[in-house]
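Enquirer: Under the numbering used here, residues 319 to 430 are what the sequence shown spells out, in order.
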Amino acid sequence: MAKKDKGAYVYSTNPDFEISDVTYGGQTTLAPEKQLLTIQRTNKGHGGKTVTLISGFIGKEEDLDALAKTLKSKCGTGGNAKEGIIIIQGDKKEKVGEILQKAGYKFKYSGG
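1) Among Thr-347, Thr-346, Leu-355, whose alpha-carbon lies nearest the alpha-carbon of Tyr-423?
2) Using 8 Å as the Cβ pair cut-off and three pairs as the minimum, do the region 412-421 and the region 375-384 touch?
3) So, are the CB atoms of Leu-389 and Ile-403 less than 8 Å apart?
4) Pick from Asp-383, Lys-410, Leu-385, Leu-348: whose alpha carbon is nearest that of Val-369?
5) Can you tell me whether DSSP reads Gly-415 as helix, strand or coil?
6) Report buried or exposed for Leu-348, applying the criterion of at least 16 other Cβ atoms within 10 angstroms of its Cβ.
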C-alpha cells in the first residue's frame, strides 16, 4: 500500500499496516515531561548579537510557536521560532531555563 503526500511515498510490507497509522502534515507534539530541550547562548550567525537558542522540540509547528510566544512574553524580549528551534533575543539562558522548568519541560544547558 502506498500513498503520495507532498512528493513522498509511504510504503509498508507489513500486512497489518493501515494508512491511518501514518500522520500526514506533521507529527504529534510530545508532552512537556517527555521533551528534552537544549538551551544555548550564541552570537554566531546573528550579526554579532547574542541570542538564546532552544532546540530539540518535537511536535507541531503551532505548538512550537505557542511555546516561543510564552518565552518571549515572559522574558520581555523578541525572537522567533522555525524548524524546531526557538530564538530568543539576548542572553536569557537562565530565565528560559526557569520558565521551561515551571512548564514541566526537561532541558540541558549547552555551550557558553
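All C-beta atoms in this analysis are idealised placements derived from N, C-alpha and C, irrespective of residue type, glycine included.
Everything numeric in this text was worked out from a predicted model, so none of it was measured.
Expert: With the given structure in hand:
1) Leu-355
2) no
3) no
4) Lys-410
5) helix
6) exposed
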